[in-house]
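Below is one structure, written out as structure tokens; the observations come after it.
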């Protein structure tokens, strides 16, 4: 049996279960705890936070979590942490974490933030065409970019670990790199040993969304013990590149071939070419084996050299948005709700604002997936949701004030306005593109926690 | 004609990448995979989701895990950060696809 390391992922997004990483670190027998916080949308939110405070823009849950993990880190001197909690500001994140890591070394990976380089690239004629549509990047839109982050890989994480870091904080990295980095460090695989790189990348892909690998979203949800205490996933990555996915003994949920298979096809494109910065993985070669209860082995992963490009995720400002909700009950609930939504939009128009974009949804009448899951009988209770977007904050503010009058002036049976008036929030657009790999040099800084001070 | 729902022979999960959505469908077993391979084509899925205004649908096959991946262009009315829909990230699409009805496997007495 080849050597293995246990990597547990305690967060699948920013806002995930606060207690999961503590339970996982305490009970998981881990070598590494990873925490994945950065969905595509998260960057948009962080860019807005950074705009208001240049020292912010990281995941502030992470320093708070470290405070709770302190006794566990003291009990388990070999436990290390790898996280992309740095968001748009990994260095600030490290500063905030330093008080909770008195005897430890913090490694910070940067070089992913390329926002300041975009204007130069455009001037040099670098094409930043939209990755999905191929559309060229309009200069007017580039001027509104609030963040531009390239997806880094596992290599700089491995470098930080090899320089003695106990906690590695990154900005944008490919999610699976949080697992690949520790494996690269521990097994010293060659950078072109693509099948093994693929194996660790697949393990990382499976655990990156936390409980989605261990019974979250499972179709037999009603047969699972203790979903409230669901265990977060652990990957035992072997030196061979194979891995075993499991969870802590006694935790809720399930690890089965089916839960792993479903996660393998989650948020992917062409499965024969699952692209990451370090390796392109063929997900159609691998095999899953149920080894025992809550233990699934992944073997036969195949990988090839990655392409010459790296993906950049850009976020631009796109006006303001707001959304109002009320319940509508009684006979003809759906018709009343749709009419009430239109009344709100008409009122905004009469106030002089032609909204750029608006949507009326009737939740409970088949609007979540529009037109596909209509109720068999006319619903006597629906939720009206009206959502707008416009470049003018005043227009969106006016919309926010037009929900409440429905309670007295709209159709009968409208309830639930007590939760209060909505407020305008910034709206963002997303522009993914590719740049040549040669443009990017990841930076790794490793220092004792006490030296990460202002 | 006897029909089954996709949910009778498979489970599924969906999510987003920009303005693209994907739905991973995993068949319960080998025969179910072969049935879906014949009847749950990219074109069938494309027609099923017409009402939400999707673009092209590409079906990828993963016979090793009895799964398919359907990648759907323009499925999210602007993507997670920009869509006005409640389900900006396409999380509900898998549950919707599981309700699609297909001809029932004739050899399978369980399905009707």
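Chains as they are written, first to last, in this note's numbering: chain V, 1 to 454; chain Z, 1001 to 1112. Every residue gets a Cβ at the ideal spot worked out from N, C-alpha and C, and that includes glycine.
Beta-carbon spacing of residue i, residue j below 9 Å
{"i": "residue 1028 (chain Z)", "j": "residue 1012 (chain Z)", "result": "no"}
{"i": "residue 201 (chain V)", "j": "residue 1060 (chain Z)", "result": "no"}
{"i": "residue 1090 (chain Z)", "j": "residue 1075 (chain Z)", "result": "yes"}
{"i": "residue 435 (chain V)", "j": "residue 112 (chain V)", "result": "no"}
{"i": "residue 206 (chain V)", "j": "residue 268 (chain V)", "result": "no"}
{"i": "residue 235 (chain V)", "j": "residue 9 (chain V)", "result": "yes"}
{"i": "residue 208 (chain V)", "j": "residue 178 (chain V)", "result": "yes"}
{"i": "residue 251 (chain V)", "j": "residue 214 (chain V)", "result": "yes"}
{"i": "residue 69 (chain V)", "j": "residue 59 (chain V)", "result": "no"}
{"i": "residue 151 (chain V)", "j": "residue 310 (chain V)", "result": "yes"}
{"i": "residue 313 (chain V)", "j": "residue 33 (chain V)", "result": "no"}
{"i": "residue 131 (chain V)", "j": "residue 121 (chain V)", "result": "no"}
{"i": "residue 270 (chain V)", "j": "residue 1044 (chain Z)", "result": "no"}
{"i": "residue 327 (chain V)", "j": "residue 256 (chain V)", "result": "no"}
{"i": "residue 341 (chain V)", "j": "residue 329 (chain V)", "result": "no"}
{"i": "residue 1194 (chain Z)", "j": "residue 1098 (chain Z)", "result": "With chain Z represented from 1001 up to 1112, any question about residue 1194 (chain Z) goes unanswered, as that position is not in the structure."}
{"i": "residue 91 (chain V)", "j": "residue 451 (chain V)", "result": "no"}
Per-residue DSSP class, three states only, for residue i
{"i": "residue 255 (chain V)", "result": "coil"}
{"i": "residue 1112 (chain Z)", "result": "Residue placement at residue 1112 (chain Z) cannot be trusted, given a pLDDT of 38 that sits under 50; what the coordinates show is reported in the next sentence. Three-state result, residue 1112 (chain Z): coil."}
{"i": "residue 373 (chain V)", "result": "coil"}
{"i": "residue 287 (chain V)", "result": "strand"}
{"i": "residue 1002 (chain Z)", "result": "coil"}
{"i": "residue 1042 (chain Z)", "result": "helix"}
{"i": "residue 457 (chain V)", "result": "Limits of chain V in this structure are 1 at one end and 454 at the other, which puts residue 457 (chain V) out of reach."}
{"i": "residue 249 (chain V)", "result": "coil"}
{"i": "residue 412 (chain V)", "result": "coil"}
{"i": "residue 7 (chain V)", "result": "strand"}
{"i": "residue 186 (chain V)", "result": "helix"}
{"i": "residue 229 (chain V)", "result": "helix"}
{"i": "residue 481 (chain V)", "result": "The requested residue 481 (chain V) does not occur in the structure, where chain V is confined to residues 1 to 454."}
{"i": "residue 1099 (chain Z)", "result": "coil"}
{"i": "residue 1020 (chain Z)", "result": "strand"}
{"i": "residue 49 (chain V)", "result": "helix"}
{"i": "residue 327 (chain V)", "result": "strand"}
{"i": "residue 1106 (chain Z)", "result": "coil"}
{"i": "residue 426 (chain V)", "result": "strand"}
8 Å contact criterion, which residue i and residue j should meet: CB distance rounded
{"i": "residue 1014 (chain Z)", "j": "residue 1093 (chain Z)", "result": "4 Å"}
{"i": "residue 322 (chain V)", "j": "residue 424 (chain V)", "result": "5 Å"}
{"i": "residue 20 (chain V)", "j": "residue 232 (chain V)", "result": "5 Å"}
{"i": "residue 336 (chain V)", "j": "residue 98 (chain V)", "result": "57 Å between Cβ atoms; not a contact."}
{"i": "residue 318 (chain V)", "j": "residue 399 (chain V)", "result": "Actually they do not touch by this definition, with Cβ atoms about 16 Å apart."}
{"i": "residue 320 (chain V)", "j": "residue 426 (chain V)", "result": "6 Å"}
{"i": "residue 157 (chain V)", "j": "residue 82 (chain V)", "result": "6 Å"}
{"i": "residue 3 (chain V)", "j": "residue 239 (chain V)", "result": "5 Å"}
{"i": "residue 181 (chain V)", "j": "residue 154 (chain V)", "result": "4 Å"}
CB contact check: residue i to chain V, cutoff 9 Å
{"i": "residue 1040 (chain Z)", "result": "no"}
{"i": "residue 1089 (chain Z)", "result": "yes"}
{"i": "residue 1112 (chain Z)", "result": "Legend: pLDDT at residue 1112 (chain Z) = 38, less than 50; position of this residue unreliable, value from coordinates given subsequently. For residue 1112 (chain Z), the answer is no, since every Cβ of chain V falls outside 9 Å of its Cβ."}
{"i": "residue 1031 (chain Z)", "result": "no"}
{"i": "residue 1109 (chain Z)", "result": "Below a pLDDT of 50, predicted positions are generally treated as unreliable, and residue 1109 (chain Z), at 46, falls in that range; no measurement from the model is reported."}
{"i": "residue 1037 (chain Z)", "result": "no"}
{"i": "residue 1102 (chain Z)", "result": "no"}
{"i": "residue 1045 (chain Z)", "result": "no"}
{"i": "residue 1034 (chain Z)", "result": "no"}
{"i": "residue 1019 (chain Z)", "result": "yes"}
{"i": "residue 1002 (chain Z)", "result": "no"}
{"i": "residue 1026 (chain Z)", "result": "yes"}
{"i": "residue 1105 (chain Z)", "result": "no"}
{"i": "residue 1057 (chain Z)", "result": "no"}
{"i": "residue 1005 (chain Z)", "result": "no"}
Neighbour flag for residue i against chain Z, beta carbons, 9 Å
{"i": "residue 361 (chain V)", "result": "yes"}
{"i": "residue 183 (chain V)", "result": "no"}
{"i": "residue 143 (chain V)", "result": "no"}
{"i": "residue 244 (chain V)", "result": "no"}
{"i": "residue 275 (chain V)", "result": "no"}
{"i": "residue 327 (chain V)", "result": "no"}
{"i": "residue 290 (chain V)", "result": "no"}
{"i": "residue 368 (chain V)", "result": "yes"}
{"i": "residue 211 (chain V)", "result": "no"}
{"i": "residue 135 (chain V)", "result": "no"}
{"i": "residue 430 (chain V)", "result": "yes"}
Proximity test, Cβ basis, 9 Å: residue i and chain B
{"i": "residue 263 (chain V)", "result": "No chain B is part of this structure, whose protein chains are labelled V and Z."}
Taking contact to mean 3 or more Cβ pairs, one atom from each stretch, closer than 8 Å, check whether the region 381-389 of chain V and the region 276-288 of chain V are in contact. These segments do not touch.
Is the region 95-111 of chain V in contact with the region 163-172 of chain V, if contact means three or more CB pairs nearer than 8 Å? Touching, yes, given that three or more Cβ pairs across the two stretches are closer than 8 Å.
Does the region 84-101 of chain V come into contact with the region 181-201 of chain V, if we say contact requires no fewer than three beta-carbon pairs (one atom in each stretch) closer than 8 Å? In this structure the region 84-101 of chain V does not lie against the region 181-201 of chain V, because fewer than three pairs of beta carbons, one per stretch, are closer than 8 Å.
Does the count of Cβ pairs from the region 28-38 of chain V and the region 11-20 of chain V closer than 8 Å reach three? Cβ pair count under 8 Å is three or more, so yes.
Please confirm if the region 285-305 of chain V is in contact with the region 362-380 of chain V, defined as three or more CB-CB distances below 8 Å between the two stretches. In short, these stretches do not touch, since the Cβ pair count stays below three.
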